[in-house]
Amino acid sequence: MASVTLTLSSKTNKDTGKAEVLLRYRNTRAVALRGHSRTFILPKFFVDGKIVIKARVITPEIQEALDAKSQVDLISAHVIDKGNSIPVEDFTQDWLQDTIDRYLYPEKYIEDEDTALAFQDKTADYLKYTKLSKKREENYGIIFQIVYRYEMYSGKRLMLDTMTPEDLSAIEEFMRTEHTLFTVTGKYFHRKFKPVPRYEYTWTHTVHGRAPLGRSENSIVYYMKAIRAYWHWLLDMGYTTNNPFKQYSTGSQNYGTPYYLTTEERDIYYKAKLDDEELALARDIFVFQCYVGCRISDLFNLTPENIVKSPNGLSVQYIPEKTKKDRQRTVKVYLAPTAIEIMKRHKGEDPEHLFPRMHNWKLNTSIREGLHEAGIDRVVTTINPKTGASEQHPICDVASSHMARRTFIGNLYKKVKDPNLVGKLSGHCEGSRAFARYRDIDDDMIKEMTDLLD
1 MASVTLTLSS KTNKDTGKAE VLLRYRNTRA VALRGHSRTF ILPKFFVDGK IVIKARVITP
61 EIQEALDAKS QVDLISAHVI DKGNSIPVED FTQDWLQDTI DRYLYPEKYI EDEDTALAFQ
121 DKTADYLKYT KLSKKREENY GIIFQIVYRY EMYSGKRLML DTMTPEDLSA IEEFMRTEHT
181 LFTVTGKYFH RKFKPVPRYE YTWTHTVHGR APLGRSENSI VYYMKAIRAY WHWLLDMGYT
241 TNNPFKQYST GSQNYGTPYY LTTEERDIYY KAKLDDEELA LARDIFVFQC YVGCRISDLF
301 NLTPENIVKS PNGLSVQYIP EKTKKDRQRT VKVYLAPTAI EIMKRHKGED PEHLFPRMHN
361 WKLNTSIREG LHEAGIDRVV TTINPKTGAS EQHPICDVAS SHMARRTFIG NLYKKVKDPN
421 LVGKLSGHCE GSRAFARYRD IDDDMIKEMT DLLD
């Protein structure tokens, strides 16, 4: 069992009066090493082998002592974590000091790689020069940040010419387990996430959003495919000839059978009496989306200028944001009477857009509550995103704004049965593999098609 104990150097700085905290590392009886923490503290804060700070008022002196204690705690946790991952026979006399210095000054340990390129060296160019939608560009940036956190946490800088399939597997596993490096307090919207000591330095010294929750297998597959797309670009640009993806499989995403509202359920939901204003607004947004089929991000960007009048009636015309950089194709959908009725009801509530904006989490929660109040609780089979297992739930419990898009596509496909024609209205390109996630060939369609043989 590895352990770290602290001592204080007998030498003090004449100007500051501080002394350096020294580390003693033990791992079984075979390993006993000493190292410098490069961290200094006033002797009065060091008592019986521990840094002890007792103060009600945080003065500059106290804050410096607290920072020093935090630094030493992080170093100790890092050293123990690193030591537990290597065999006892691999320890050398300078292992402890080398591990501490690599942790404190990682930039100094870039091993003579002036001409060699690292994984992160071209990520900015990739995002700048490739045709990615705004949303995908944001997603890829987040994925590259995850890889950078893996590099910092593992202490391994990924180089293009030496990266291996094992490195890819390690990145994948890090994505799968990063959430375990946090402690959680509170419940629901009041939860607070704090990195465990050995991960605190990495988390506080990198760019990130909120602490990660457990990532689904579908998300991890998507992340690894994004890294593969970046790697193919590196190969095409001639930045490396090494391709670790030749011996690595990203796997495939599993979405199960798509579920959506029938036209009858959609109409019941629309006609349901909902007294709560937010539930009613979420209902109207959802049903309008059921009639136009756009993504929720595109719907909230719609303005009165997107509504075009022609001899055939009113239509909504827009260019999908997700594919704008790849192909600027205008999607045109004529508005049904119900959609026009909804649009007129909310006219002027937002001076610039067709509908007032709602936060996604609030919109999805309101949709579920509204469906529940409307009595739409048909049981559907879903795939648990984290375990991959099939589960049964009332459709009102698993609904979201994106289900409105599936409702549009699924019901239209049942009547038209032409994926390219429906895709023209939904914004999917011809032959889109993603289209299969939105429609299902149900029993009625199978019966109808087999009847054609007679």
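Residue 136 in full-length UniProt numbering sits at position 136 of the sequence shown, with consecutive numbering throughout.
By construction, the Cβ of each residue, glycine as well, lies at the ideal position given by its N, Cα and C atoms.
None of these values were measured; they are calculated from a predicted model.
By the DSSP assignment, the alpha helix (DSSP H) with residue i in it spans what residues?
i, result
"Pro337", "Pro337 to Arg345"
"Tyr76", "Correcting the residue identity first, residue 76 is Ser in this sequence and not Tyr. Segment Pro60 to Gly83, the alpha helix (DSSP H) holding Ser76."
"Ser310", "It is not in any alpha helix (DSSP H) - Ser310 instead sits in the beta strand (DSSP E) that spans Ile307 to Ser310."
"Pro165", "Pro165 to Thr177"
"Thr263", "Thr263 to Lys271"
"Ile409", "Ser401 to Val416"
"Val287", "Glu277 to Val292"
"Lys386", "Premise fails: Lys386 is in no alpha helix (DSSP H) and is neither H nor E."
"Met152", "Lys134 to Ser154"
"Phe245", "That residue, Phe245, is in no alpha helix (DSSP H); it is neither H nor E in DSSP."
"Asn301", "Ile296 to Asn301"
"Ile100", "Trp95 to Leu104"
From the options, pick the residue whose C-alpha is nearest to that of residue i; which is it?
i, options, result
"Thr39", "Ala19, Ile342 and Asp284", "Ala19"
"Pro320", "Ile296, Pro212 and Pro394", "Ile296"
"Gln120", "Glu369, Lys156, Phe91 and His190", "Lys156"
"Leu412", "Thr262, Tyr105 and Val196", "Thr262"
"Tyr259", "Thr130, Arg215 and Gly410", "Gly410"
"Arg149", "His179, Ala336 and Lys273", "His179"
"Gln253", "Glu217, Phe182, Lys273 and Ile100", "Glu217"
"Val88", "Asp81, Asn27, Leu213 and Gly256", "Asn27"
"Glu172", "His36, Asp67 and Gly251", "Gly251"
"Ser401", "Asp298, Asn243, Thr240 and Arg102", "Asp298"
"Ala211", "Met175, Ala226 and Trp231", "Met175"
"Tyr248", "Ser169, Gln97 and Arg29", "Ser169"
"His208", "Gly214, Ile143, Glu151 and Leu158", "Ile143"
"Thr387", "Ser219, Arg345, Asp67 and Val196", "Ser219"
"Phe288", "Met403, Asp94 and Arg378", "Met403"
"Ser37", "Ile53, Ser76 and Ala389", "Ser76"
"Lys131", "Ser70, Ile86 and Ala229", "Ala229"
"Ser70", "Ser9, Glu138 and Pro197", "Pro197"
"Val31", "Leu8, Leu302, Arg215 and Ile80", "Ile80"
"Ala272", "Arg357, Ile367, Asn13 and Thr303", "Ile367"
"Val333", "Lys128, Leu314 and Ala389", "Leu314"
"Val221", "Glu137, Tyr255 and Pro195", "Tyr255"
"Ala2", "Thr99, Lys82 and Asp73", "Lys82"
"Glu264", "Arg215, Thr407, Phe91 and Ser390", "Thr407"
"Ile146", "Lys194, Ile100, Arg215 and Phe193", "Arg215"
"Leu213", "Val184, Ala226 and His205", "Val184"
"Phe45", "Ala389, Asp73 and Leu8", "Leu8"
"Thr338", "Phe286, Lys246 and Leu363", "Phe286"
Can you pull the DSSP bridge partners for residue i?
i, result
"residue 476", "Within the shown structure, residues of the chain are numbered from 1 to 454, placing residue 476 beyond reach of any answer."
"Ala2", "Asn27"
"Phe46", "Ile51"
"Lys194", "Thr183"
"Gly35", "Leu23"
"Leu8", "Val21"
"Met159", "Ala118"
"Ile376", "Ile376 pairs with nothing; no bridge assigned."
"Ile41", "Ala19"
Quick check: is the beta carbon of residue i nearer than 8 Å to any beta carbon in chain C?
i, result
"Lys347", "Among the chains of the structure shown, chain C does not appear; only one protein chain is present."
Under 8 Å between the Cβ atoms of residue i and residue j?
i, j, result
"Cys294", "Arg266", "no"
"Ile268", "Ile342", "no"
"Arg34", "Leu22", "yes"
"Gly49", "Thr16", "no"
"Asp167", "Pro106", "no"
"Tyr25", "Leu96", "yes"
"Asn84", "Asp161", "no"
"Leu66", "Thr240", "no"
"Lys135", "Lys11", "no"
"Ile62", "Ile51", "no"
"Thr330", "Gln317", "yes"
"Phe300", "Arg345", "no"
"Leu127", "Tyr140", "yes"
"Val379", "His393", "yes"
"Thr381", "Thr257", "yes"
Can you name the start and end residues of the beta strand (DSSP E) that residue i belongs to?
i, result
"His393", "Ser390 to Pro394"
"Phe119", "Unbroken run through Phe119: none, as it is neither H nor E."
"Val57", "First-last for Val57: undefined, no H or E at that position."
"Ile227", "From DSSP, Ile227 is part of no beta strand (DSSP E) but of the alpha helix (DSSP H) over Glu217 to Met237."
"Ile383", "Val379 to Ile383"
Q. For the 8 Å Cβ check, are there 3 or more pairs between the stretch 367-381 and the stretch 392-411?
A. Because the criterion of three Cβ pairs below 8 Å is met, the stretch 367-381 and the stretch 392-411 touch.
Hey, is the stretch 54-62 in contact with the stretch 183-193, meaning 3+ C-beta pairs nearer than 8 Å? Using a C-beta cut-off of 8 Å, the stretch 54-62 makes no contact with the stretch 183-193, since fewer than three inter-stretch Cβ pairs fall below that distance.
### Message
Would you call the stretch 234-245 in contact with the stretch 197-204, where contact means no fewer than 3 C-beta pairs closer than 8 Å?
### Response
Flag = no, the stretch 234-245 and the stretch 197-204 do not touch.
**Study point:** Inter-stretch contact at 8 Å, needing at least 3 Cβ pairs: the stretch 302-313 / the stretch 270-283
**Key:** These segments do not touch.
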